[in-house]
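2 protein chains.
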Amino acid sequence: MTQSTDDPITDLRSEGVRVTRQRLAILHVLREAADHPRAEDILTRARQQDPSVSQATVYRTLAMLEKAGSVLRNEFDGSGARFELADRHHHDHLIDLDTGAVVEFHSPRIEQLQAEIAAELGYDIAWHRLELYGRKTT
Amino acid sequence: MTQSTDDPITDLRSEGVRVTRQRLAILHVLREAADHPRAEDILTRARQQDPSVSQATVYRTLAMLEKAGSVLRNEFDGSGARFELADRHHHDHLIDLDTGAVVEFHSPRIEQLQAEIAAELGYDIAWHRLELYGRKTT
DNA sequence: CATGAAAATGCGAATGATTTGCAAAATGTC
DNA sequence: GACATTTTGCAAATCATTCGCATTTTCATG
């Protein structure tokens, strides 16, 4: 097993993946992001650290990191994916319909129920997507 | 209140919406569909009843029906939306990763938990999306 | 620290799903 | 049936994302 560092790309180096300026910049953006940025946002932010980063590289890097399990892709509204680092515990999302803000939450009980339902239907869950869309209680 | 018929478009007539051959054909397709067809599938099937239906009209009609609440749009995999008539009770989806089959299910307990979680976070849920992706238990 | 094979990059063109502008056709009201 | 209005088909336009390819970079080696 490869030893784990705080840098997903460094972890991948042993697998023939090269550490480039662009990848480090993109990763930096993801680490700093408090929101769930779109590819375009990531490009803009990454260019602040390394102006040479191109759109294509952002997409390629995100795809690579997603496949490696280091990045999660979310399709909240249907107009462009939004990404986040997969370095914390699993969680689902609550999207504020008025502000677009994304609140994260986790419910072991819901996950448990999901597994039970799937089992009843004869399935094992590989992954799931749970998104709540709502408005602040007045 | 307008009286409700079994035909979403007929319901809309009073709102200035016109009942056209194309719309009836698309609606017919949705009523007969046992699966969750994509726009392209709907076009193909609608043309069997009315060859004049165009792609643009399929999209426009689906958008109209969605806005009216008669049709639900699903974005299961990210490569094209899949539609269904919103005439039955609410349900969520379990997608078979091997066959692409979509199984519908409903869990009042999960919905209850979702509402509780949202409430704790200070939100009222307007709608939600729960999709389970899995494989048949071996 | 120079070398070279392999991996990555930027660019711009290609994709695929969906949307839109517009002139022509169809609907439903009077 | 006549007309104002809505809807349509067509083709061109978008939008997010992917790809081809020549050029640049990375990194194991000498």
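Chains as they are written, first to last, in the numbering used here: chain A, 460 to 597; chain B, 460 to 597.
Glycine residues also receive a C-beta, built at the ideal position from the N, C-alpha and C atoms.
Please report how far the alpha carbon of histidine 587(A) lies from the alpha carbon of glycine 593(A), in whole angstroms.
-> 20 Å
The beta strand (DSSP E) with alanine 585(A) in it runs from where to where?
-> 582-595
With arginine 506(B) as the anchor, note down where its alpha helix (DSSP H) starts and where it stops.
-> 498-508
Between which two residues does the beta strand (DSSP E) containing arginine 541(A) stretch?
-> 541-544
State yes or no: is the beta carbon of histidine 587(B) nearer than 7 Å to at least one beta carbon in chain A?
-> yes
Could you tell me whether the Cβ of leucine 531(A) comes closer than 7 Å to any Cβ of chain B?
-> no
Which residues in the same chain as alanine 503(B) place their Cβ atom closer than 8 Å to its Cβ, once the five residues preceding and following it in sequence are excluded?
-> Checking the sequence, you will find threonine at residue 503(B) rather than alanine. Same-chain partners within the cutoff: there are none.
Less than 7 Å separating the beta-carbons of aspartate 551(A) and leucine 589(A)?
-> yes
Hey, is the stretch 563-570 of chain A in contact with the stretch 505-524 of chain A, meaning 3+ C-beta pairs nearer than 8 Å?
-> no
Inter-residue spacing [alpha-carbon to alpha-carbon] between glutamine 481(B) and glycine 537(B) | 27 Å
Length of the line joining the Cα atoms of aspartate 583(A) and threonine 558(B) | 14 Å
Helix, strand or coil at histidine 565(B) according to DSSP, with G and I counted as helix | coil
Is the Cβ of phenylalanine 564(A) closer than 7 Å to any Cβ of chain B?
-> yes
Of all Cβ atoms in chain B, is any one closer than 7 Å to the Cβ of tyrosine 582(A)?
-> yes
Going by DSSP, what residues sit across from histidine 495(A) in a beta bridge?
-> Looking at the DSSP assignment, histidine 495(A) forms no beta bridge with any residue, so it has no partner.
Straight-line CA distance for glutamine 462(B) to aspartate 494(B)?
-> Residue confidence for glutamine 462(B) is low, a pLDDT of 46 falling below 50, so the modelled location carries little weight; the figure read from the coordinates is stated next. Spanning the two alpha carbons is a distance of roughly 29 Å.
Per-residue DSSP class, three states only, for isoleucine 576(B) | helix
Under 7 Å (Cβ pairs) to chain A, residues found in the stretch 525-556 of chain B = Glu534, Gly537, Leu553 and Leu556
Is the Cβ-Cβ distance between alanine 540(B) and glutamate 534(B) less than 7 Å?
-> yes
Quick one: is tyrosine 592(B) near chain A, going by C-beta distance under 7 Å?
-> yes
Just the Cα atoms here: how many angstroms apart are arginine 532(A) and phenylalanine 564(A)?
-> 17 Å
Tell me whether valine 488(B) is buried or exposed, calling it buried when 16 or more other Cβ atoms sit within 10 Å of its Cβ.
-> buried
Taking C-beta pairs closer than 7 Å, name the residues in chain B that arginine 568(A) reaches, listed in chain order.
-> Leu572
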